[in-house]
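**Student:**
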Amino acid sequence: MPRFTISGQQFELESADVQRAVSGRLPDPVHGHYVVVAGRRFPPKQVLSCATGLDRADFTTHHARRILKRLGFTAARAGEPGSASIGPGTALSEQAEALRPYIG
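Going left to right, the sequence shown walks through residues 311 to 414 as our numbering numbers them.
1) Over what stretch of residues does the beta strand (DSSP E) that includes Thr371 continue unbroken?
2) My output table needs one value for Val357: the three-state DSSP class, helix, strand or coil.
3) What is the DSSP secondary structure of Ser395, counted as helix, strand or coil?
4) Should the stretch 342 to 351 be regarded as contacting the stretch 359 to 366, the criterion being three or more beta carbon pairs within less than 8 Å?
5) In three-state DSSP terms, what is Met311?
Structure (C-alpha cells):
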C-alpha cells in the first residue's frame, strides 16, 4: 500500500480509499486544477482532504496532485488543451458528451 507524508503525518492510501472518500460527495467548483475520480472532476485539495481528514490549508494543490497522480488518477489544469477528456484513450458515449457541460 502506498505511503505518503502530508503535513508531517503518515498516511497509507490506495485509489479505492480515495474513491470511497469522495463517493456521494458533490465536487466543489474547479478553478485551476482538477483530478478525475469516478468520472467526475474534483479540486485536488478537496479529494485529498476527504481521504485524509486533514484541513485543506495543511497541504498545497501541487502536493495533492502529485499524490493523486501517483495513485493513478488523471490530473490536469482546467482550460488546458485536451483537459476535457476523462483520460487518455477514453471514448466517451454520446450521452456523456451531452452532459459534459455539467461535469463538476
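Glycine included, each C-beta is placed from N, C-alpha and C at the ideal position.
**Tutor:** This is what the structure gives:
1) On the sequence shown, residue 371 is found 61 positions in, with the first residue counted as 1. Careful: Thr371 lies outside any beta strand (DSSP E), inside the alpha helix (DSSP H) at 371 to 380.
2) Along the sequence shown, one-based indexing puts residue 357 at 47. Helix.
3) To locate residue 395, count along the sequence shown from 1; it is residue 85. Low confidence applies to Ser395: its pLDDT is 49, below 50, so where it sits in the model is not reliable enough to give any reading.
4) Taking a cut-off of 8 Å for Cβ pairs, the stretch 342 to 351 and the stretch 359 to 366 do not touch, as fewer than three such pairs fall below it.
5) Position 1 of the sequence shown, counting from 1, holds the residue named residue 311. Under the three-state reduction of DSSP output, Met311 falls in the coil class, being neither helix nor strand.
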